[in-house]
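Visitor: The following block contains the structure, expressed as structure tokens.
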Amino acid sequence: MAARLNLRQQDQTRSAIQTSQLVNRLQSYALGEIAEIETGRLKAIEILLRKTLPDLSAVTLAGDEDNPVNVVHVIERRLVRPNAGN
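Using the working numbering, read the sequence shown as starting at 456 and increasing by one per residue.
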């Protein structure tokens with residue numbers, strides 16, 4: 456058997472597969488394809504998904520007075536025809 460070249464990649468792939476299985480289970484429940492999920496199992500799925508998927512919560516960026524985050528720098532690009540003055 457060939458040696459695994461990237462064990463981290465293998466772990467990430469395994470984690471993604473397990474996460475998708477949890478999501479599929481919840482979707483099946485939400486769509487009425489399965490009758491119910493036990494309360495303890497539902498809580499376990501919730502905890503595991505929090506650890507593997509972003510929760511899409513709002514994030515506020517803030518800085519201090521000397522280094523504010525909300526400063527917008529404008530970069531302007533002007534196209535000029537060559538030899539326009541001739």
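Every residue gets a Cβ at the ideal spot worked out from N, C-alpha and C, and that includes glycine.
1. When you compare only the Cα positions, how much space is there between GLN467 and THR507?
2. Is the number of C-beta pairs between the segment 529-537 and the segment 485-504 that are closer than 8 Å three or more?
3. So, using beta-carbon positions, are LEU481 and ILE472 closer together than 9 Å?
4. For the alpha helix (DSSP H) containing SER470, list its first residue and its last residue.
5. Do you know how far the Cα of ALA513 is from the Cα of GLY487?
6. Compute the minimum distance between the beta carbon of ALA517 and the heavy atoms of the ligand ADP, and state whether it is under 8 Å.
Guide: Reading it off the structure:
1. 10 Å
2. no
3. no
4. 462-485
5. 30 Å
6. With respect to small molecules bound, the structure shown includes none, and the ligand ADP cannot be examined in it.
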